[in-house]
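As you go down the protein sequences, you meet chains A and B in turn. With my numbering, letter number 8 in the first sequence gets 8, and the count goes up by one each step, no holes. With my numbering, letter number 68 in the second sequence gets 68, and the count goes up by one each step, no holes. Accompanying notes for the structure given below.
Protein chains: 2
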Amino acid sequence: MHSFTEENYLKAIFHLLLKTQSATTNEIAAATGTKAASVTDMLKKLAEKKLINYARYQGVTLTDSGERIAVGIVRKHRLWEHFLVDKLKFKWDEVHEMAEELEHISSTELINRLDEFMGHPQFDPHGDPIPDCNGRISNQHLQSALHLKKDQTGKIAAVADHSPAFLQYLEKTQLTIGQTITVTGLTDYDMALVLNNSQNEFNISREVAKNLLILV
Amino acid sequence: MHSFTEENYLKAIFHLLLKTQSATTNEIAAATGTKAASVTDMLKKLAEKKLINYARYQGVTLTDSGERIAVGIVRKHRLWEHFLVDKLKFKWDEVHEMAEELEHISSTELINRLDEFMGHPQFDPHGDPIPDCNGRISNQHLQSALHLKKDQTGKIAAVADHSPAFLQYLEKTQLTIGQTITVTGLTDYDMALVLNNSQNEFNISREVAKNLLILV
DNA sequence: TATTTTTTTTAGACTTGTCTAAATTAATTC
DNA sequence: GAATTAATTTAGACAAGTCTAAAAAAAATA
């Protein structure tokens, strides 16, 4: 099939296109932890294989088959993360690295059985949607907590920052997926959000709020 | 840690030493699907890292740390095979290739959790013992069905050939792990073994018998 | 628009693991 | 024990993926 490395590039391009509508050489280098020169080489190779559309100096997009592969990797990543948390009882901040390896296990039959074993979960532990076996991804229209209006209530549905530090912070402050919160105001001093989670009231920084994705 | 490739060499050497008491360049080449020249290169590298004892033209043995790594890979392979069969309902002839990939997932915490999730199984689907988290491997003294005496009874405990063809044959003839069999004689024509499995009587070739491992 | 800065690409080199072909060592046979 | 055969190693090359440094193109700025 495709190499581990090719899969990682396709995945990185997929995520970049989703987040910023563009995928440039430098962005891809940053995302894959390589240098721009290496990226250029790989882009030529992926274009050769018709997995990306590439014209030099122009950035890239995925072809249909490139996107199919990328979504397959994302599906595997998220299903394995779900497995690790739901079945093996890892915490949500512990699973990323393992899933980075597991997502390259090639068998699609394996991943489909795993999906079935877990009852076809819709979302991974960070609230990201799990593509189905045909590559379809459900789209919830979430918004950053930063954009909630005063007295607006919503449910924490996903997080935009997957770093262990952020996830541990959320865990500690009970800002976990499924929790319902209400914005009761802003602090004068630093415009931090004042939240109410039905038990008590507390503040979160604008940076934290930005990375909390809310289903209104 | 160690590369995928290094791990495969160590595993191959481990299995060869177990089976034939020796691991020569050509044997390793055959086991890893490479050429002798490539093996020599890798042996130098593994010796450099003190994972094997190597003197040229002399074959190799594993050092303690080499063996520790090899046993770790075997543990992962067998636990994943157990998972695939026990939890994901794959057949015992379908899991080898997937386990060949899964055995290289690096996290030992993951494999220990998987072990616990499955209730610390002792044997994999082919009857091979699963090393514990300290690398200890239980040793049942099995013997090939070929060496059973007339009227001797035993229980099928493992198989020496893991090929899908062999496993499917056993499945079809109900010669699966746990079955109790009795040797009631030999055919005059080709010395095939006449077996009785408490329900009916049938013959198996000496080749098949050789690969059936029995707990007497 | 001309110049500077940034981004991207090219050129050439390195590493890992592989190969073939040739040379060397060990084992076998006469 | 000498000659042949088999096994192993060396030498040199290649592919994948990476790098640094330099060149080229695009974008930003004056």
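Glycine residues also receive a C-beta, built at the ideal position from the N, C-alpha and C atoms.
Beta-carbon proximity list for residue i, same chain, < 6 Å, skipping 5 on both sides
| i | result |
| --- | --- |
| Pro125(B) | Glu81, Val85, Trp92 |
| Ala12(B) | Ile28, Ala31, Thr32 |
| His77(B) | Ala99, Glu103 |
| Gln168(B) | Asp93 |
| Ile73(B) | Glu7, Lys11, Glu103 |
| Thr182(A) | Thr153, Asn196 |
| Ala47(B) | Tyr54 |
| Ser138(A) | Pro129 |
| Cys133(A) | Asn112 |
| Thr180(A) | Lys155 |
Element boundaries [alpha helix (DSSP H), containing residue i]
| i | result |
| --- | --- |
| Phe83(B) | 64-86 |
| Ile52(B) | Looking at the DSSP string, Ile52(B) is not in any alpha helix (DSSP H); the run it does join, the beta strand (DSSP E), is 52-54. |
| Val39(A) | 36-48 |
| Asn203(B) | Where Asn203(B) is concerned, there is no enclosing alpha helix (DSSP H), although the beta strand (DSSP E) it sits in stretches over 201-204. |
| Lys91(B) | Here Lys91(B) belongs to no alpha helix (DSSP H), and DSSP marks it neither H nor E. |
| His96(B) | 96-102 |
| Thr173(A) | Taken as a continuous stretch (DSSP letters only), Thr173(A) belongs to no alpha helix (DSSP H), as it is neither H nor E. |
| Ala12(B) | 4-20 |
| Arg136(A) | Unbroken run through Arg136(A): none, as it is neither H nor E. |
| Ile111(B) | 108-117 |
| Thr25(A) | 25-32 |
Bridge partner(s) assigned by DSSP for residue i
| i | result |
| --- | --- |
| Ala158(B) | Leu213(B) |
| Ser144(B) | Leu213(B) |
| Phe123(B) | Pro129(B) |
| Val60(B) | Tyr54(B) |
| Leu195(A) | Val183(A), Phe202(A) |
| Thr153(A) | Thr182(A) |
Chain-ordered chain A contacts of residue i [CB-CB under 7 Å]
| i | result |
| --- | --- |
| Met42(B) | The contacting residues do not exist; Met42(B) stays about 20 Å from chain A at best. |
| Ser107(B) | Met98 |
Cβ neighbour criterion (16 or more within 10 Å) applied to residue i
| i | result |
| --- | --- |
| His141(B) | exposed |
| Phe4(B) | exposed |
| His147(A) | exposed |
| Tyr189(B) | exposed |
| Arg136(B) | exposed |
| Thr25(A) | buried |
| Val216(A) | exposed |
| Arg75(A) | buried |
| Asp41(A) | exposed |
| Ala36(A) | exposed |
| Ala158(B) | buried |
Terminal residues of the beta strand (DSSP E) in which residue i lies
| i | result |
| --- | --- |
| Thr184(B) | 180-186 |
Residues that residue i contacts on chain A, provided the C-beta gap is smaller than 9 Å
| i | result |
| --- | --- |
| Arg75(B) | Residues of chain A passing the Cβ test: none, with the nearest at roughly 16 Å. |
| Phe117(B) | Lys87, Leu88, Lys89 |
heavy atom of the ligand FAD below 6 Å from residue i C-beta
| i | result |
| --- | --- |
| His15(B) | Ligands displayed in this structure: none; no statement on the ligand FAD is therefore possible. |
Residues of its chain near residue i, where Cβ-Cβ distance is below 8 Å and the 5 sequence neighbours each way are ignored
| i | result |
| --- | --- |
| Ala160(A) | Ser144, Lys210, Asn211, Leu212, Leu213 |
| His162(B) | His96, His126 |
| Ser65(B) | Lys50, Leu51 |
| Thr173(A) | Phe202, Ile204 |
| Leu62(B) | Leu10, Ile13, Phe14, Leu17, Leu51, Ile52, Asn53, Ala70 |
| Leu79(B) | Ile111, Leu114, Asp115, Met118, Pro121, Asp124, Ile130 |
| Ser106(A) | Met1 |
| Ser38(B) | Ala29 |
Close beta carbons around residue i, own chain, < 7 Å, minus the five adjacent residues each side
| i | result |
| --- | --- |
| Ile204(A) | Ala192, Leu193, Leu195 |
| Gly185(A) | Lys150, Val194 |
| Ser59(B) | Here residue 59(B) turns out to be Gly, not Ser, going by the sequence shown. Closer than 7 Å at Cβ, skipping near neighbours: Ser22, Ala23, Thr24. |
| Thr187(B) | Val194, Asn203 |
| Gly178(A) | Lys155, Ile156 |
| Pro164(A) | Asp93 |
Contact set between residue i and chain B, taken where Cβ atoms lie within less than 9 Å
| i | result |
| --- | --- |
| Leu102(A) | Leu102, Ile105, Leu110 |
| Arg113(A) | Leu84, Lys87, Leu88, Lys89, Phe90 |
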